[in-house]
Structure formats: structure tokens, C-alpha cells
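Asks: Heads up: take any position in the sequence shown, counting from 1, add 435, and you land on this note's numbering. C-beta: ideal position from N, C-alpha, C; glycine also.
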Amino acid sequence: MLAFHYDHLTLALPPGHRFPQSKYQMLRERVQRTPGVMRPQVADAAGPEALALVHTPDYIDAVLHGTLSAAAQREIGFPWAPGLPRRSLCSVGATIAAARAALEEGVAASLAGGTHHAYADKGSGFCVFNDVAVAARLMQAEWHRRHPDRAGLRVLVVDLDVHQGNGTASIFQDDDSVFTFSIHGEKNFPFRKEASDLDVGLPDACGDAVYLPALEAALAEVWRRMADRPPQLAFYLAGADPHEGDRLGRLKLSADGLLRRDRIVLDALFERRVPMALSMAGGYGEDLSVTVDVQMRTLDAAARAWERWRDH
Ligand SMILES: [Zn+2]
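Next up, the structure:
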């Protein structure tokens, strides 16, 4: 399974900043140390023409040229620095590469990504560009070029990061070709939520026993609503932040519960032969090695799904 990364590009953050940047390198090193089918690969930067499928010209320009206002930088949560544009472009590039590989091989991953709070015209909550939205639109454009006589590529976004995918929901609110599905903490950031095609908001401190049945019921609803035109590509934002050890998550899923979550999603997609691009999304453990453990189990489960595609 291809796993795209770009953790050699780091952000210049003030001391004590709460964005846990070191987890990306920790995860990539774990993947490289783990024998098996995962194939880590450095991601290329996305091109500006891909970003323009989602983001407004003014916003792209402000990020690339360092003219974001102080308020815009505060909303993103990162101060602009010369390394920010390239890192943001590679974040999108990793998810684009994972989506292309998923369409070829069934399953692929970005070892970061899932920047679902980014809107068309602004960033928010540690998200500069919306990697999944750009990759979805680019895969649709490439599909259309290859199959001009066929219906467009139908995309499903399964967003199980603990925070609602508000940017993604906003970007696709009038777009029937992309179904957005989010399970999140109802009381957690973002406090003003957008309407996804299907939203499930869960109460603080909810654990495995509530979460997993809610996920199964919601997925059944997704399949029911997509029955006429099933998805041909899925993006899975497998945030580690619903974990009980997370500083920002406020839900109480166990590590085993999160693995069961991943298997429910992966099995449902494989049964229907829906190719899947995985993004790691959020994870803010009190102990970052616990976050990386959760992410590693997600990647292992995805690698098993990749093997099932290879062998089927
Ligand atoms: Zn999150």
C-alpha cells in the first residue's frame, strides 16, 4: 500500500504552539520500521490549477505570497512563514497521490492530510487548503477527461475525525456528485457547523458502545441514500482524536474501539469495491506516541484492505 508523506517540510511555529507537528515524522518512521506491504513515498506538491478547482484565486494567492491578514492567520492557527505554502501544497499533493493510487490499487494513504476545516475562501483550525476536496474535484476532472461519455465520478467522504468536516460540507453543499458524511462531537469545534449530506453529532464522553452502533446505522443510511448511484471513490478521514487520551477530542473511544471503527468502514467499502484514499486527520494525544499507535493500527487495517484488493 502506497503511503505518501512530506514531514521533511516543517512549519516554523512559536515555542509551545499546540499543533503536534512531530507526530508526522514519528508516524512515517514507524511505517518505515514496520515490515510489510506499506510503501512510503515522498509526496509532490499540488499544482495551483488543482487548488483552483476548490479554492478562490484571492485565497490561493494570499497563501502562496504571504499576504494573509492577521485575522486570517489567527483563524488558520499558524503564523504565515516562508515554508507554509510548500508544506500546504504537499499536503494536498499527498492526498491527490493517494486518491490516484486508490483508483489503481483499491487502497492508498496519506500519512497526514484530512484538512477538513478549510473552506473555499479561507483556512481554519490548522487547515490551510482542503486536501480531500481538491483531490475529489481533481479525480472527477481526470475521470471526465478519460470517460467524456460516462456519468461523472461519484465520491463519498467518510469523515470520522472528532471535529465536524465543516469546510468540506460547505464546499460540496450544492454538489450532488460528492456525498459528505461526518460523525463528530456535537459540542466540539467547529461551534458553528455546516450541513453535510449526513451528520451525526455525538455527546461529550461518548464511548465505543454508543459510537460503533451509531457508525453502523449511519453507514447503512449512506448506502441507502447512494443506492441509485453508488460511490466510485471514497475518502476516509480516520482522525485519531476520538480517542480517550486526546486533549481536544472530548469523546472516549478506546484504541480497540477505534480499530473496530476502521474495520467497519474498510469492510463496508471493500464489500462494495469502493476504492479508498485514507487521510490521518486529527490526533492530539496527551502522549503523542499513543496517537501514533492509534494511527499505526489504522494504517495496518488499511494495508489489510489493500491486500484484499490485490488478492480478490
Ligand atoms: Zn479533529
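Excluding five sequence neighbours on each side, which residues of the same chain lie with their C-beta closer than 8 Å to the C-beta of GLU721?
Replies: The answer, listed in chain order, is GLY680, ASP681, ARG682.
Asks: Which residue from HIS579, ALA712, LEU448, VAL592 puts its Cα closest to that of LEU633?
Replies: The shortest C-alpha separation from LEU633 is found at VAL592.
Asks: So the alpha helix (DSSP H) GLN467 belongs to, where does it begin and stop?
Replies: Residues 457 to 468.
Asks: Of the choices GLY600, THR491, MET715, VAL489, whose alpha-carbon is the least far from that of GLY620?
Replies: Ranking GLY600, THR491, MET715, VAL489 by Cα distance to GLY620 puts GLY600 first.
Asks: How far does the beta strand (DSSP E) with PHE705 in it reach, from first residue to last?
Replies: Counting along the chain, PHE705 falls outside any beta strand (DSSP E), though it belongs to the alpha helix (DSSP H) covering 690 to 706.
Asks: Determine, for GLY518, whether the minimum Cβ-Cβ distance to residues of chain B falls below 9 Å.
Replies: No chain B is present in this structure, which holds just one protein chain.
Asks: To the nearest angstrom, report how far apart VAL527 and ASP702 are at their CA atoms.
Replies: Between VAL527 and ASP702, the C-alpha separation is close to 26 Å.
Asks: Let me confirm a value: ASP594 is counted as buried when at least 16 other C-beta atoms fall within 10 Å, else exposed. Which label applies?
Replies: It counts as buried.
Asks: Grab me the residues of ARG465's own chain with a C-beta within less than 8 Å of its C-beta, minus the 5 sequence neighbours each way, in chain order.
Replies: These residues qualify, in order along the chain: VAL727, MET731.
Asks: For ligand 1, I want to know if HIS598 counts as a neighbour, meaning its beta carbon is within less than 8 Å of at least one of the ligand's heavy atoms.
Replies: Yes, since a heavy atom of ligand 1 falls inside the 8 Å radius drawn around the Cβ of HIS598.
Asks: Beta carbon of VAL613, beta carbon of ARG589: below 9 Å?
Replies: Cβ atoms of VAL613 and ARG589: closer than 9 Å.
Asks: Measuring from the CB of GLY717, is there a heavy atom of ligand 1 at a distance below 8 Å?
Replies: Under cutoff, so the answer is yes.
Asks: With C-beta atoms as the reference, is ALA487 less than 9 Å away from ILE531?
Replies: Result no, Cβ atoms of ALA487 and ILE531 do not sit closer than 9 Å.
Asks: Touch check for the region 446 to 464 and the region 541 to 549: three-plus C-beta pairs under 8 Å?
Replies: These segments touch.
Asks: Any contact between the region 666 to 679 and the region 705 to 712? By contact I mean 3 or more CB pairs, one from each, below 8 Å.
Replies: Cβ pair count under 8 Å is three or more, so yes.
Asks: Between TRP741 and the rest of its own chain, which residues show a CB-CB distance below 8 Å, the 5 nearest in sequence each way excluded?
Replies: The residues are MET436, VAL472, GLU540, GLY541, VAL542, ALA543.
Asks: If you compare alpha carbons, which of PHE624, ASP584, ARG580 is closest to VAL597?
Replies: Comparing Cα positions, the closest option is PHE624.
Asks: Along the chain, where does the alpha helix (DSSP H) that runs through TYR494 open and close?
Replies: Looking at the DSSP string, the run of the alpha helix (DSSP H) that includes TYR494 is 492 to 500.
Asks: State buried or exposed for ALA737, treating a residue as buried only when at least 16 other CB atoms are found within 10 Å of its CB.
Replies: So ALA737 ends up on the buried side.
Asks: May I ask whether a heavy atom of ligand 1 can be found less than 8 Å away from the beta carbon of LEU683?
Replies: LEU683 Cβ: within cutoff of ligand 1.
Asks: Go through the region 511 to 557 residue by residue and report every complete run of the beta strand (DSSP E) that reaches 3 residues or more, in order.
Replies: Listed in chain order, they are 542 to 545.
Asks: What does ALA669 pair with, by DSSP beta-bridge criteria?
Replies: Bridge partners of ALA669: LEU591, MET711.
Asks: Please specify which runs of the beta strand (DSSP E), each continuous and at least 3 residues long, are wholly inside the region 599 to 631, giving them in chain order.
Replies: DSSP runs (the beta strand (DSSP E)) wholly in the region 599 to 631: 613 to 620.
Asks: Distance check for LYS622 and ALA438, CA to CA, integer angstroms please.
Replies: Rounded to the nearest angstrom, the two C-alpha atoms are 33 Å apart.
Asks: For ligand 1, is there a heavy atom less than 8 Å away from the beta-carbon of PRO639?
Replies: Just to set this straight, residue 639 is Asp in the shown sequence, not Pro. The answer is no for ASP639.
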